[in-house]
Structures are given as C-alpha cells and as structure tokens.
Amino acid sequence: LLSDGTKSSMRVVLNPEKMVVKEAQRAYTYLNLYGYSVDAVICNRVFPRTLTDGYFDTWKSAQAQNLQLVHECFQPLPIFEIPLFEQEVLGLPMLAHMAETVFGANPVRGGHGDPTHRFYEGKPQDIFRRNGQYVLSLSLPLVARDEIELNRSVVDELVIRIGNWKRNVSLPTGLARLDISGAKYEEDRLNIFFDATDTREISEEELRSKRWENLKSRFRGT
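Per our numbering: the sequence shown = residues 842 to 1063.
Below, the structure written as structure tokens:
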C-alpha cells in the first residue's frame, strides 16, 4: 500500500537547520530508492516576518540561507512553511490553526485547504522504450554519480547500493530476459538500459513487476 504511488505518498518534514536539511536530503533519496512517492516538503518552525527583535537577526539570516537551500535541493516539490508559533502546538485548537496556516492560506499550492490533495506527481520507477532499448528509470535525487553501485544478482533482480543502503529491484519478466547494455545517471534518475535484441514488442503485462509471484516460485523450487 505505501509503495503504491497511486494510493500513498510521503511528505518530508524538517526544520530549516543545516544538518537537519542534509539528513532530510538523505531521507528523500532513500524514500525514492525504495520506491516511495514524495509529494511535498514541510519546513517547520520558520521565523515569522513579523519578528523584528534584533537579537534574532543572526538566526534569521542563517535560516533564510537554509530555506534557500531547501528550495534548491527539493525542487520541483512544493515547499510549505509552518511558522514558529507564539506557543507550542498542543491540543486540537492549535493543530487546527497550524493546518489552516499550512494548507488553507494559499489555495493554489495548498490544495484549497485539503491536506489529502496530492501536491506533486512523480514516478519513483518507470519503464519505457528509447532508441531500440528498454529503459528502467529509477528516481534517485540528491546523490553523486560515484555513490551509486549497480549489480545484477540473479536473472530477475538488480541490486542498487548507495553507501550503506541497499535495494533489491525485482525485474518484470519482459526485462529479466534481456541483457543490460549500460546505465546512466541523468537528471536525478538512474536509467538502466536493456538491449531489445529481438523484434517482438514486449507487452505491458511483461513489463509489470511480479515480485510476489517471483518470490513464491523461488521458494517452491528450494
């Protein structure tokens, strides 16, 4: 259910502090690595513009730089801001006030006050044909090219590593029978190319992942 992008999506919540933003970047990368859709970023505890006390000038300057970093790193995701309220967010009245501030103040980016609205449509995983090859395209934002390690463990499975994190990607039957001709990291996506050696077009059914069926057949064979 959580990995079905048509039914579920995640939201990254962070404080606009340098180390927190870096950790949020990693979380965003790993969510995409494991196929979870992310549709928004929410910045918490943002200093309000009405705060004019000179004591906070240095803090406000640092936070403004970090907010700019958030917008640069997480585009094209929409960025919502929760101000630092005059009191702690406890109880239903304060929760309702926070919800109205985040989702109700801006009807364009706030989904007309509906927090269940999907604010961004993206595909963590996609399969398409390009120049006579099939391409398995995985969203892997905010990583360096040399951080990605790709291996084929068995016929119908790829292993992708980023640092200490690993994901086993189950290949649909249509791709499992093809050889990998190369891979390229471009525009925050890892594109893996498969040689389409025969002239027969692979059907949509063959391009659909059958992870659980593959696991069942593997266990039956042991």
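No residue lacks a Cβ here, since even glycine has one placed at the ideal position from N, Cα and C.
(message) Can you confirm whether the segment 865 to 875 touches the segment 886 to 900 when touching is taken to mean that 3 or more C-beta pairs between the two stretches lie within less than 8 Å?
(response) no
(request) Can you grab the Cα-Cα spacing for the pair F969 / Q928, in whole Å? (result) 51 Å
(request) Round the Cβ separation of E998 and V1010 to the nearest angstrom and send it over; I've been treating them as touching at under 8 Å. (result) 7 Å
(request) Report buried or exposed for G909, applying the criterion of at least 16 other Cβ atoms within 10 angstroms of its Cβ. (result) The amino acid at residue 909 is misidentified as Gly; the sequence shows Gln. Flag for Q909 reads exposed.
(request) Taking only the alpha-carbon atoms, compute the straight-line gap between E988 and L936 and give it to the nearest angstrom. (result) 40 Å
(message) Is the beta carbon of L931 closer than 8 Å to that of Y975?
(response) no
(request) Given a cut-off of 8 Å, decide if L925 and V882 are closer than it, judged by their beta-carbon atoms. (result) no
(message) So the candidates are D894, A1024, V854; which of them puts its Cα closest to the Cα of L918?
(response) V854
(message) Taking the alpha helix (DSSP H) that Y869 belongs to, which residues open and close that run?
(response) 859 to 874
(request) State the DSSP-derived secondary structure class of G945, mapped to helix, strand or coil. (result) helix
(request) List the DSSP bridge partners of V879. (result) M851
(request) Return the CA-CA distance between S878 and P857, expressed in angstroms with no decimal places. (result) 22 Å
(message) For D955 and S994, I'd like the C-alpha separation in whole angstroms.
(response) 44 Å
(message) If I follow the unbroken alpha helix (DSSP H) through G1015, where does it start and stop?
(response) 1014 to 1017
(message) At the level of alpha carbons, what is the spacing between T942 and L874?
(response) 32 Å
(request) Take the Cβ of W1053 as the centre, count every other Cβ of all protein chains shown within 10 Å, and call the residue buried at 16 or more, exposed below. (result) Residue placement at W1053 is flagged as unreliable, the pLDDT there being 40, under the threshold of 50; a coordinate-derived value is accordingly withheld.
(message) Rounded to whole angstroms, what is the Cα-Cα separation between E864 and V911?
(response) 12 Å
(request) Tell me whether the beta-carbon of A1037 lies closer than 8 Å to the beta-carbon of L1031. (result) no
(request) Locate the alpha helix (DSSP H) running through D898, then write down its first and last residues. (result) 898 to 915
(request) Using a threshold of 8 Å, state whether the C-beta atoms of D880 and R959 are closer than that. (result) yes
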